[in-house]
Structures are given as structure tokens and as C-alpha cells.
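When the sequence shown is numbered by the UniProt record's numbering, its final residue is 440 and no position is left out of the sequence of numbers. See structure below.
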Amino acid sequence: MKTRNIATRRPSAPRARASGSRKARSARVGRGRVRKPAVGKEDDESEAEESATEDVPTRASKRRKISDDVSEDTTPAQSVSAPPAPRRSSRRSEPTSKVAVDDDATSTPEPKRPSASARRRSIAACNVPTAVDKGEEKALQEEKRSLKRDRQAFEQETQRERAELNKRENKAEKRDSQLKSKLAAVKEKERDAKKRETECKKWEQTLKKREAEFAQREADLEERKKELQKKEQEIGDKALGVNMSRSDEAIDELDAKWQCALCFDVMACPYSLSPAQCGHTYCAVCILKWYFTNLCEACGDWCNHLDCPLCRTVLPRPVEPNERPRQMYALPFTPARAADERVTQLVDSLSGPVPESPTKASSSKRGKGKGKKKQVASTGGSDAEPSTPSTGWEYGGTLREEWQARSSRGRTEMRHLITQWPQMTAAQLRAFKVHICAPA
């Protein structure tokens, strides 16, 4: 009985091991279903665990088949009467159990070993997998495939997320660089603005200083202007006195030295008589009138001798009336250029400053702005100044205009007579007498 129990006890170990392997496999499968596959090292660990789980069921199935074969050989009565064998972690028994077996062996004979045919049947039975193990293997393979697909999908998702994150990081970096560049540009602009502000403040200070300087200069110029006006007034008064004295002297000289003995007026275009013994000077118009009043109407010539109105010096007698051409020496007139220059100089000294022309006066009226105010102020100052008393010889004066008219007429009449004198007939002389003696 003891030997039978031992024989029946031995195949129970593979059965226990198979049941333990099943529990471990189910636990691992449950863990594999619950846990998600990780990336990297975790994936490698999960693959190693799956390979271990795949190897364990095959060994357990073989042991189970061996135990099944042994149980078939034994009788059902023996299997029922045999007590359950304890679980062993390894095939080697402990020393205590060894001693117990030895004690039994002394008392009982050793059990028979199975034959070679039984061993072959048991090995063949171990090699043939059951339907349950095939289904479990298929389920495990399907789970493995699904896990691989899940892992691939997860890896693809992680790769997509990584790509998106990389894109976002690149965009963020670009945005950051752009913001940094913009911030640098803004800072540079702020620096430039601060520099310009400081420069503007400096310019404002300099402008204020210059304005103060200009105001001071303007005040100084106003003071100098007033001083110059006072000096001008003093000089004008002095010049007025000098001009008055000079004008008096010029008038006295004109009246004393350059007065015509025929018209008792200032000589206009003076001419002298030809004789060297005489040489008295008269106005051109006056001497022509005196000369042609002595023309004889009957013969159209000077029949009698003529003498100077002042010194009574006899003038040369003209040639015969019918003689042509007349000789120039027979005309007893000579231009007095020195006297003419002196008289003109004295008259110009009495004329004073040249007045403004009407065109200039109209243009001055059209003036605008500060220039007009200055012009009005200057004209007011000139009006306020004391002017020289009118002598008649200034520009626009009656004496000056009359003298200019007599001078221009004398020059034209004398020039006409000199040019026509060689070929003049008696009729022409009578006509010239009528023209020159006619009242102006």
C-alpha cells in the first residue's frame, strides 16, 4: 500500500505545478489586460514577460499529460484511496522525506518502474496538445497581437504628439525670437527717442539763450538808433546852416558876377562878343535879340556898325549881302564855356537833394508789412526835421525852371544860326529876326 501511495503521489506534483502555472498565467494575463504598454524599456519588459508566460503553459501542459497517463494506468480505487501529495518546489526531496522513504523501503519492497512502452505513450500524450491549451494559446496570441497593435497605435499617437509638440516648440521659439527682436527694436527706438528728447531740450535751452541775447541786442540797437537819430538831427541842423550859408553865397555870386546886362537875370547859355577888346558875356537869347533888332528891313543886312552894349566897342561889319557863302568870322558870337560851367555849378548847388520820382512814390505806397511802417516813420521824421527855406532854385522851383527854359532855347537858336549862317539869304535873316524877337 505504501508503494502504491508513493507511485500515485509522484504524478500529483506536475498537476499541482500545472495548476500553479495556470494561476500565474491568468494573473499575468489579467495584469497584461489592465496595464497599458509603455514606451521604451517598459515595452521590452512586457515582451519578456509575454514570452515567459508563453513558455510556462507548454511545460505545465506536458506535466499535466504525464500525470493524466499515470492516472489512467492506475485503478480508480487506488486513486481514491491515495492521499493528496504535498506540493514540492523541486524534484529533489528534503532529507527528512528521504529518511522516511528509506524506513518504508526496509519494510516494503520497491515499486516497479513503468515500461518503455508506457513511457513512450506518456511522452506522445505530452506532445499532443489539448483543445483547451490551443484555445488559450490562440487567445494569448490574439491578445499579444492586439497589444502590439495597441502599442503601435500608441507609438504612432505619441509620435504625432511629439511632432505636434516639436512644431509648437519651433513656433514658440520663432515667436520668442520675433518678440525678442521686436523688443530689442522697441528698446532701440526708446533709446533714440530719449536721445532726441535730450537733444531737443538742449536746443530749447540754446534757443532761449539766443532769444535773450537777441532781445538784449535789440534793446541795444534801439538805444543806438535813438542816439544816431539825435546825431543825425544835430548834423542836419548843422548842414542846414551850412547849406543856407552856401546858398546865400551862391545867390550873391550869381547876382554879382553872373547877371546878364541886357535882361538883368542870371545868364542862361552865356555867349561872349568876338572882339578881343570887348569880351563881355550875355545870355544867348538876349544877345541874339539885340543883334537882330539892328537888322535893316530894306536890304536885309546890317548897314550900320554895331558896338558893345556895355563898353561900346565896335563890332566887325558883316560881309556884303549878296556874298555867298558867308564867312564865320562875320558872326560876332563865341560860347563862354567857363562862365556856363560856373553858373551851372552854382544853380545845382542851390537845387538841393533830388526828389523821388512818381514811380518810386507809387511803389513805396504799395509796400506792405514792417517796411511800410519803417518808411512811414522815416517820412514822418523827415517832415519833422526843419527844412531849408525856399529860394526858387531847388528842384521844381520857378527860378530854376525859367533859367532851364531860357538856357535850352538859347542853345537851340544859336545852334540853328551857326549851322545856317553861311547860306542864309536876306529873307531868311528877316524870318529869323521875326522868330527870335517874338514874345515868348
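We treat Cβ as the ideally placed atom computed from N, Cα and C, and that holds for glycine.
If you follow the beta strand (DSSP E) that residue i is in, where does it begin and where does it stop?
| i | result |
| --- | --- |
| residue 283 | 281–283 |
| residue 273 | 270–273 |
For residue i and residue j, I'd like the C-alpha separation in whole angstroms.
| i | j | result |
| --- | --- | --- |
| residue 394 | residue 325 | 45 angstroms |
| residue 432 | residue 270 | 20 angstroms |
| residue 390 | residue 289 | 32 angstroms |
| residue 341 | residue 274 | 20 angstroms |
| residue 254 | residue 266 | 6 angstroms |
| residue 406 | residue 285 | 7 angstroms |
| residue 448 | residue 213 | The requested residue 448 is not part of the displayed model; the chain covers only 1 to 440. |
| residue 179 | residue 199 | 30 angstroms |
| residue 151 | residue 144 | 10 angstroms |
| residue 188 | residue 196 | 12 angstroms |
| residue 436 | residue 411 | 13 angstroms |
| residue 235 | residue 222 | 19 angstroms |
| residue 419 | residue 396 | 33 angstroms |
| residue 480 | residue 169 | Outside the displayed range of the chain (1 to 440) lies residue 480, so it cannot be described from this structure. |
| residue 202 | residue 216 | 21 angstroms |
| residue 149 | residue 119 | 43 angstroms |
| residue 303 | residue 297 | 10 angstroms |
| residue 184 | residue 174 | 15 angstroms |
| residue 159 | residue 147 | 18 angstroms |
| residue 233 | residue 194 | 57 angstroms |
| residue 400 | residue 256 | 18 angstroms |
| residue 299 | residue 281 | 29 angstroms |
Relative to the C-alpha of residue i, which candidate in the options has its C-alpha closest?
| i | options | result |
| --- | --- | --- |
| residue 279 | 335, 134, 348 | 335 |
| residue 438 | 421, 422, 424, 413 | 413 |
| residue 332 | 162, 287, 201 | 287 |
| residue 306 | 299, 300, 314 | 314 |
| residue 268 | 298, 403, 415, 422 | 403 |
| residue 423 | 140, 344, 330, 182 | 330 |
| residue 343 | 185, 250, 219 | 250 |
| residue 425 | 301, 185, 408 | 301 |
| residue 328 | 184, 117, 421 | 421 |
| residue 262 | 308, 233, 153 | 308 |
Following the continuous alpha helix (DSSP H) through residue i, name the residue where it begins and the one where it ends.
| i | result |
| --- | --- |
| residue 334 | Note, residue 334: premise wrong, no alpha helix (DSSP H); beta strand (DSSP E) at 333–335. |
| residue 403 | 398–420 |
| residue 429 | 426–437 |
Which whole-angstrom value is the C-beta distance of residue i and residue j, which I expect to be below 8 angstroms?
| i | j | result |
| --- | --- | --- |
| residue 260 | residue 283 | 5 angstroms |
| residue 258 | residue 339 | 7 angstroms |
| residue 429 | residue 295 | 6 angstroms |
Just to check, is the beta-carbon of residue i closer than 7 angstroms to a non-hydrogen atom of the ligand GTP?
| i | result |
| --- | --- |
| residue 348 | This structure does not include the ligand GTP; it has no bound ligands of any sort. |
Would residue i count as contacting chain D if we go by Cβ distances under 8 angstroms?
| i | result |
| --- | --- |
| residue 261 | Going by chain labels, chain D is absent from the structure shown, which holds only one protein chain. |
**Request:** Spell out a yes or no on whether the stretch 338–349 and the stretch 242–256 are touching, meaning 3 or more CB-CB pairs, one atom from each, closer than 8 angstroms.
**Result:** yes
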